[in-house]
Structure formats: C-alpha cells, structure tokens
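Numbering (the working numbering), first residue to last: 76 to 181.
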C-alpha cells in the first residue's frame, strides 16, 4: 500500500492505525460508555466584583445558543456570578428549565 511501502494486509493496517499492536481483536482498549455525570468542584473567587450576566442565550435560541439552561446555571455558579438572565429568541421555552436549575442550585 503506497509507493515505497511493503505490502500490508487490511488487518495489519488496522492494527497499525489503531495502535493496538498484537492485542486480540475482541479486546477493547477503551470504552465508549460514559460514567455518571460528576459536576466539577465549584471554587468561588474571593474579592470578586459583583457581576450579573444579563444577556445569555440557551440552546432554546435556534442557531444562537449552544448550552442547556442547567449548564448555564452551573457555569454561572462556577464563575461566581451574582445574577444571570436568559434572553432566548422568540419565546420563553427555556425559562422553566432555567428557573428549576437555579432553584436547585440556590
């Protein structure tokens, strides 16, 4: 396979590219399954200036937001924000989840 390379079977090529060496093909080197979600430790900054994010879009804003309302609340808490507003486009679809996540965190 190639101009200057010796001939190689597909099995050898797969082992070379996947870096499994001489492992048996039924042994998985890793798992695609995720463990249960563990939120990162929240360390609040000391002496920070009070700040409130008043313009944030959640994933309920089509083509504008990427994070879920719960993820926005988690990140706001991690950053030590004193307040946050969700300003999604064309409706209040994410507000309920946003309020529920904020209530759980408070």
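Note that the Cβ used here is the ideal one computed from N, Cα and C, for glycine as well.
*asked:* So, under 8 Å CB-CB, residue 147 and residue 133 are touching, yes? Tell me the CB distance rounded to an integer number of Å.
replied: 6 Å
*With burial defined as no fewer than 16 other Cβ atoms inside 10 Å of the residue's Cβ, what is the status of residue 144: buried or exposed?*
Only buried fits residue 144, as 16 or more other CB atoms lie within 10 angstroms of its CB.
*Could you give the DSSP three-state label for residue 160: helix, strand or coil?*
In this structure, residue 160 counts as strand in the three-state DSSP scheme.
*Considering only residues of the same chain and omitting the five flanking positions on each side of residue 153, which have a CB-CB separation below 6 Å?*
117
*Kindly indicate if chain D contains any beta-carbon less than 9 Å away from that of residue 160.*
Of the protein chains in this structure there is only one, and it is not chain D.
*What does DSSP give as the partner residues of residue 128 in its beta bridges?*
159
*Starting from residue 93, follow the alpha helix (DSSP H) in both directions and report where the run begins and ends.*
85-93
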